[in-house]
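Residue numbers (numbering that gives the first Met the number 0): 0 to 159. Every residue, glycine too, gets a C-beta built ideally from N, C-alpha and C. Nothing here was measured: the structure is a model prediction, and the numbers come from that model.
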Amino acid sequence: MDDNLTFISSSEEETYSLGETIGELVEAGQIILLSGDLGAGKTVLAQGICAGLGVLEDVTSPTFNLINEYEGDLTVYHMDLYRLEKEEELYDLAIEEYLESDGVVIIEWPDLVYDLLPPDFIYIKINTLAEEEREISLEGEGENSLTLLERLEEYVDFRY
0 MDDNLTFISS SEEETYSLGE TIGELVEAGQ IILLSGDLGA GKTVLAQGIC
50 AGLGVLEDVT SPTFNLINEY EGDLTVYHMD LYRLEKEEEL YDLAIEEYLE
100 SDGVVIIEWP DLVYDLLPPD FIYIKINTLA EEEREISLEG EGENSLTLLE
150 RLEEYVDFRY
């Protein structure tokens, strides 16, 4: 098992399904970083993760709120840091408390947060290949994240 996986998704439904499987397999305390251009599918993947965790409410991009909190099998903290310009702004959000929580933390636009991350997280990069097609690369850092990738490799069938 490598410390990364790459999937090709040919639709929003497949991207959502990948997220749902991640949500079903994820453990408490997992940090998931989502990177990709606007419209690449970060929020669709986050919606799938939340569905896999049993979240019943609508999951929306937290662009204006910065953090949305959802209750499912685990608490999900869904963050969108797109509008932040300086690392100092993260402290106003008390981000370290979220990163140390027993919930699942999903961070869209994670560039500012790297210096604050614990040593265990998953970085997911979504590249747009065509109108509906996406390349979704997952890289794990740390024992729990590598275990999640190993388990994910067994369950998802649109790998390339």
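- The segment 14–33 makes contact with the segment 131–148; the number of CB pairs closer than 8 Å reaches 3 or more.
- Each residue's CA atom was taken as its position, placing Ala27 and Asp101 some 5 Å apart.
- In this structure, DSSP gives Arg133 an extended state, which the three-state scheme calls strand.
- In the three-state reduction of the DSSP assignment, Tyr113 falls in the helix class, which pools H, G and I.
- For Gly47 and His77, the gap between their C-alpha atoms comes out near 12 Å.
- Restricting attention to Glu140, Leu33 and Glu86, the CA atom closest to the CA of Lys124 is found in Leu33.
- Boundaries for Glu70: no alpha helix (DSSP H) harbours it, while the beta strand (DSSP E) harbouring it runs Ile66 to Glu70, taken from the DSSP string.
- For Thr5, the enclosing beta strand (DSSP E) starts and ends at Asn3 to Ser8.
- Its chain contains Gly71 as the residues whose beta carbon lies nearer than 8 Å to that of Leu55, once the 5 sequence neighbours on both sides are disregarded; these appear in chain order.
- With a beta-carbon spacing of about 5 Å, Ala45 and Ile105 fall inside the 8 Å limit used to define contacts.
- Apart from the 5 residues on each side of it in sequence, Gly141 sits with its Cβ closer than 6 Å to the Cβ of Pro118 and Asp119 in its chain, given in chain order.
- Excluding five sequence positions before and after Asp2, the CB atoms of its chain that fall closer than 8 Å to its own CB belong to Glu138, Gly139, Glu140, Leu145 and Leu148, given in chain order.
- Cβ-Cβ separation between Leu92 and Leu73: approximately 20 Å, too far for a contact (criterion under 8 Å).
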